[in-house]
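Number of protein chains: 2
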Amino acid sequence: MNKDSYHHGDLKHALLVGACEMIATEGIQNMSLRKVARKIGVSHNAPYQHFADKEALLAAVAQEGFQRLTDELDTVIERTSTQSCVEQLKACGNTYIKFMMDNSAYLEVMFGPYPYEDYPELAEAGLESLQRLIAVVARGQASGEIKSLNPVEVAGTVWMSLHGLSTILRNGKLPPQLVSERTPTQLASDFLDVIYEGILVQA
Amino acid sequence: MNKDSYHHGDLKHALLVGACEMIATEGIQNMSLRKVARKIGVSHNAPYQHFADKEALLAAVAQEGFQRLTDELDTVIERTSTQSCVEQLKACGNTYIKFMMDNSAYLEVMFGPYPYEDYPELAEAGLESLQRLIAVVARGQASGEIKSLNPVEVAGTVWMSLHGLSTILRNGKLPPQLVSERTPTQLASDFLDVIYEGILVQA
DNA sequence: ACCTGAACACCGTTCAAGT
DNA sequence: ACCTGAACACCGTTCAAGT
Numbered sequence: 005m006n007k008d009s010y011h012h013g014d015l016k017h018a019l020l021v022g023a024c025e026m027i028a029t030e031g032i033q034n035m036s037l038r039k040v041a042r043k044i045g046v047s048h049n050a051p052y053q054h055f056a057d058k059e060a061l062l063a064a065v066a067q068e069g070f071q072r073l074t075d076e077l078d079t080v081i082e083r084t085s086t087q088s089c090v091e092q093l094k095a096c097g098n099t100y101i102k103f104m105m106d107n108s109a110y111l112e113v114m115f116g117p118y119p120y121e122d123y124p125e126l127a128e129a130g131l132e133s134l135q136r137l138i139a140v141v142a143r144g145q146a147s148g149e150i151k152s153l154n155p156v157e158v159a160g161t162v163w164m165s166l167h168g169l170s171t172i173l174r175n176g177k178l179p180p181q182l183v184s185e186r187t188p189t190q191l192a193s194d195f196l197d198v199i200y201e202g203i204l205v206q207a
Numbered sequence: 005m006n007k008d009s010y011h012h013g014d015l016k017h018a019l020l021v022g023a024c025e026m027i028a029t030e031g032i033q034n035m036s037l038r039k040v041a042r043k044i045g046v047s048h049n050a051p052y053q054h055f056a057d058k059e060a061l062l063a064a065v066a067q068e069g070f071q072r073l074t075d076e077l078d079t080v081i082e083r084t085s086t087q088s089c090v091e092q093l094k095a096c097g098n099t100y101i102k103f104m105m106d107n108s109a110y111l112e113v114m115f116g117p118y119p120y121e122d123y124p125e126l127a128e129a130g131l132e133s134l135q136r137l138i139a140v141v142a143r144g145q146a147s148g149e150i151k152s153l154n155p156v157e158v159a160g161t162v163w164m165s166l167h168g169l170s171t172i173l174r175n176g177k178l179p180p181q182l183v184s185e186r187t188p189t190q191l192a193s194d195f196l197d198v199i200y201e202g203i204l205v206q207a
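So the sequence lines, in the order shown, correspond to chains A and B.
In this text, residue positions in the first sequence follow my numbering: the first is 5, and each later residue adds one.
In this text, residue positions in the second sequence follow my numbering: the first is 5, and each later residue adds one.
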């Protein structure tokens, strides 16, 4: 019954979900194709019907991660559409961090070493997410809230900072004195404030 | 001769160097204990004499990375001691990025999932590096160049941004339009400028 | 103390084959 | 088209043993 359904075309989806769960619970180092296949109840070669190799499956998970992140960014941008662009940008940052904390499997994979040349859909999905930030920045520049630098450069700065903070938060590599009683969300929001405001006097 | 020397106590060092080289050339996913041992010319169990398991060896590489980074930061801070603290902070950022581009093995490992609780020397080495940034920030605050926020928070912001940029640069995950003809060093310096100056109008 | 060899339970991937 | 089973060359790790 369940097994038969794979013959109907959702083994690919089952593999993505299974890989995701395994990465989340055991870490990417302990995720194996064979274990995923076993969990799904399929032979250890079945995955090769849908993915060229292990890397291709991981790249597909990464792509899915970007797509889900894009969706969440769209939602939060929509929900904050009455607020200022700066508020929107902050909301995007918080959403990004929350997404990565809630979906650590994606975090482990989204910026991994899966060359964009080999996985063009992954590249597109990644740029699509970043594009959401760029759009908010551009609107903030039009409304005079954000400095008139290259919007891609500004969004890119936020983008890379968010990624750095996510991984450092996730792997517990922050100095204990900094974490103290703040939640990841609060930490992220505080860090991002520093970036928005700048660190130099008389900026 | 060479083999005998391992009996004299430098197998541990040879393992660190070998692991580093292998990560740099083949990536961390393709690094194996057995291959490292083979390259060094020792049995596949010899590593266990010096490291509890593969993770412990990787954590040791990470620790070494932080120590070398700390040394490079010390050097550049010393060399720029006549300049302003802001110039020093920028020089630290450039040094950090250059270090990670030149030593991608360390980059792949330094913020990896090796729990600080299990590897206290790694934790210490990591905080030691960050401490260098904190010191520069604190001096910049004393001289009135840098805003009087919590210096750890400010240095932490730079720290996480540098990490995010390194990994994104290294894995080629930057939008092509951004990279264009800029070198990694230029990119880093430009991105960091945005962070120093802030992105909001009237910061 | 430092290293080796055999053994175990696992991998990713390929190939021929089954429906 | 979609899946399986056997086979290959690898892993990390443990254990008993060698000097």
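Even glycine gets a Cβ: it sits at the ideal position worked out from N, Cα and C.
DSSP, reduced to helix, strand and coil, places Ile203 (chain A) outside both helices and strands of the structure shown, so it counts as coil. Boundaries cannot be given for Pro119 (chain B), as no alpha helix (DSSP H) includes it and DSSP labels it neither H nor E. At a C-beta separation below 7 Å, Ile81 (chain A) has no neighbours in chain B, since its nearest C-beta there lies roughly 17 Å away.
For the C-beta of Thr171 (chain A), the chain B residues within less than 8 Å are, from N- to C-terminus, Phe115, His167, Gly168, Thr171. Between Thr161 (chain A) and Ile101 (chain A), the C-beta spacing is not below 9 Å. Taking the Cα of Lys16 (chain B) as reference, the smallest distance to any Cα among B:Ile32, B:Ala41, B:Glu30, B:Met26 is reached at B:Ala41.
Taking all protein chains in view, the Cβ of Glu128 (chain A) is surrounded by fewer than 16 other Cβ atoms within 10 Å, so the residue is classified as exposed. Apart from sequence neighbours up to five positions away, the residues of its chain that approach Ile32 (chain A) with a beta-carbon distance below 7 Å are Glu112, Val113, ordered along the chain. Of all alpha-carbon atoms in A:Gln53, A:Ala64, A:Gly202, the one lying nearest the alpha-carbon of Leu126 (chain A) is that of A:Ala64. Contacts with chain B (Cβ-Cβ distance below 8 Å) from the region 15 to 48 of chain A involve Gly31, Gln33, listed in chain order. In this structure, the straight-line span from the alpha carbon of Glu91 (chain A) to that of Val21 (chain B) is close to 48 Å. In the DSSP annotation of this structure, the continuous segment of the alpha helix (DSSP H) that includes Thr99 (chain A) starts and ends at 89 to 106. Judged by DSSP secondary structure, His17 (chain A) falls within the alpha helix (DSSP H) whose first and last residues are 15 to 30. Between Phe115 (chain A) and Lys177 (chain B) a beta carbon distance of about 5 Å is seen, short of the 8 Å cut, so the two are scored as contacting. When only Cα atoms are considered, Leu196 (chain A) and Ile81 (chain A) end up about 17 Å apart. In chain order, Ser165, Phe195, Val198, Ile199, Ile203 make up the part of chain A whose C-beta sits under 8 Å from the C-beta of Thr161 (chain B). Considering only beta carbons, the part of the region 137 to 151 of chain A lying closer than 7 Å to chain B consists of Gly148, Glu149, Ile150, Lys151, in chain order. The criterion of a C-beta distance shorter than 9 Å is not satisfied by Cys96 (chain B) and Arg143 (chain B).
Of all residues in the region 57 to 89 of chain B, none is placed with a Cβ closer than 7 Å to any Cβ belonging to chain A.
With respect to chain B, the C-beta atom of Lys102 (chain A) has no partner C-beta closer than 9 Å. Spanning the alpha carbons of His167 (chain B) and Arg174 (chain B) requires a straight line of approximately 11 Å. Note: Ile150 (chain B) is bridge-paired with A:Leu204 in the DSSP secondary-structure output.
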